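When the sequence shown is numbered by my numbering, its final residue is 145 and no position is left out of the sequence of numbers. Quick notes on the structure that follows.
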Amino acid sequence: RLANDRHLLNGLNPQGVANVLNALSKWPDTPDCAAVASALASRLANNRGLRNALNPQELTNALNALSKWP
76 RLANDRHLLN GLNPQGVANV LNALSKWPDT PDCAAVASAL ASRLANNRGL RNALNPQELT
136 NALNALSKWP
């Protein structure tokens, strides 16, 4: 659902982004998980406010989760 719902995807707060990425990273070979991870990675790349709002633990979790996809 997240992959196809921009409103829901963009409604995630920094902790939500980190938590969703962490959860999705458990299934890196699943196309739906990869699609949501890609969308969240784009959101992080294009939203300085979101990046700056991540606390150190959330940032670490998000980067670790994103490392599961090539």
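Every residue, glycine too, gets a C-beta built ideally from N, C-alpha and C. Here the structure is a predicted model, which is why all the values come from computation and not from measurement.
Look at the region 104-128 and you find these whole runs of alpha helix (DSSP H), each 4 residues long or longer: 106-121, 123-128. By the beta-carbon neighbour count (other beta carbons within 10 angstroms, threshold 16), A137 is buried. Counting of Cβ neighbours within 10 angstroms places A140 among the buried residues, the total reaching 16 or more. In this structure, the beta-carbon distance from V95 to L77 falls below 8 Å. Spatial neighbours of Q90 in its own chain (CB-CB distance under 7 Å, excluding positions within 5 residues in sequence) are listed in chain order as E133. A straight line joining the alpha-carbon of L84 with that of S113 spans about 11 Å.
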